[in-house]
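In my numbering, the protein residues as written are 71 to 401.
Each residue gets a CB set at the ideal place from its N, CA and C atoms; glycine is no exception.
These figures come from a predicted structure and were not determined experimentally.
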Ligand code: PBG
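Below, the structure is given as structure tokens:
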């Protein structure tokens, strides 16, 4: 009998179990998405995403304070999304110049400095009247050159107001190159976290209500990856790294763990995954209905991301996870 078959001995003690873990979750692994608006004092819960709010740019500093100024695991990084009213939008997305992200960045930077990493989502879908992620030609297809220059200008503007990380989610070909170029020309030396391997997904449903950014016609199949494709996801990440991306992302996360592992085995940059709004809603509602245990399922999903190879995790469960990490240290 081969004695190596008796492996349950090797994980009976909790400390031994931790030896089997690729790594354990830390607060620096987590990024919390935050939605800001131009109604300065607004705080309203997002119906499709319970526990998540629209915050006015004057409100966001104080709302985050309890998560940032606490002992033990704390909020270390956020991803800012600007949310406009329909009348504030413009056909080419020029309304990014009045994005609530700009005053929010200024306030957060002066309140928290280096304590909080400010990532900004870069995309035109929240700013264009039609809700597509780029500038359109008359026939409704993407105007690539204009989209690239708008995205580069938006990135520089947000960087000049305090962004620490530029995260383009628009999926326009070549945008990482143009963004990096524009930043370097202004001597701005901050990293790019590219939403490189972003699939066209029905898991974004609740977010489009939150960001008020559903396309008015058509869908995003022309610029988001087909969900059955493995090769395109890898090629897109390799291309974005070549164009200057410092970190790459897989999005959504749970249905694409294989892609996270493929990238881990292929690229030499840290990998991020985004547990998107539909994944959040699915777990939240299943737990509400008594079908699953919220805490256990969320923690298991985190273990899946770490095991697959992600070191950066964007998740709406971040506030709860900070509590649970603290508990695990005391147990
Ligand atoms: C913007 C963007 C989207 C998400 C993040 N950035 C929506 C989309 O691409 O349709 C989705 C995030 C989520 O569902 O939580 N392009």
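Residue i: CB within 7 Å of a non-hydrogen atom of ligand 1
i           : result
residue 277 : yes
residue 399 : no
residue 347 : yes
residue 274 : yes
residue 191 : yes
residue 195 : yes
residue 240 : yes
residue 290 : yes
residue 343 : no
residue 86  : no
C-beta contact flag for residue i and residue j at 8 Å
i           : j           : result
residue 249 : residue 221 : yes
residue 177 : residue 127 : yes
residue 106 : residue 137 : no
residue 186 : residue 147 : yes
residue 261 : residue 317 : yes
residue 203 : residue 235 : no
residue 153 : residue 200 : no
residue 72  : residue 143 : no
residue 295 : residue 273 : no
residue 330 : residue 380 : yes
residue 100 : residue 391 : yes
residue 95  : residue 384 : no
residue 145 : residue 231 : no
residue 306 : residue 267 : yes
residue 327 : residue 93  : no
residue 359 : residue 367 : no
residue 214 : residue 241 : no
residue 41  : residue 122 : Beyond the ends of the chain as shown, which are 71 and 401, falls residue 41; an answer cannot be given.
residue 340 : residue 382 : yes
residue 365 : residue 346 : no
residue 288 : residue 210 : yes
residue 130 : residue 172 : no
residue 342 : residue 372 : no
residue 403 : residue 256 : There is simply no residue 403 to check, as the chain begins at 71 and stops at 401 in what is shown.
Exposure of residue i, with buried meaning 16 or more beta-carbon neighbours within 10 Å
i           : result
residue 332 : buried
residue 191 : buried
residue 323 : buried
residue 348 : buried
residue 62  : Since the first residue of the chain shown is 71 and the last is 401, residue 62 is not available in this structure.
residue 361 : exposed
residue 159 : buried
residue 197 : buried
residue 264 : buried
residue 82  : exposed
residue 225 : buried
residue 284 : exposed
residue 217 : buried
residue 254 : exposed
residue 286 : exposed
residue 363 : exposed
residue 344 : buried
residue 79  : exposed
residue 302 : exposed
residue 388 : buried
residue 228 : buried
residue 335 : exposed
residue 170 : buried
residue 291 : exposed
residue 298 : exposed
Check your understanding: Is the number of C-beta pairs between the stretch 349-367 and the stretch 99-110 that are closer than 8 Å three or more?
Key -> no
Check your understanding: Can you list the beta strand (DSSP E) stretches of 3 or more residues lying completely in the stretch 337-386, in chain order?
Key -> 341-345, 382-385
**Study point:** At least 3 beta-carbon pairs within less than 8 Å: the stretch 308-325 vs the stretch 237-249
**Key:** yes
Point to revise | the stretch 161-168 contacting the stretch 114-121, beta-carbon criterion three pairs below 8 Å | key: no
Review point. Whole alpha helix (DSSP H) runs in the stretch 202-269 with 4 or more residues, listed along the chain?
Key: 214-230, 245-255
Exercise for review: Let me know the beta strand (DSSP E) ranges lying completely inside the stretch 128-215, each 3 residues or longer, listed in chain order.
Suggested key: 147-153, 187-192
Exercise for review: Ignoring anything shorter than 4 residues or poking outside the stretch 295-328, list the alpha helix (DSSP H) runs there in chain order.
Suggested key: 301-313
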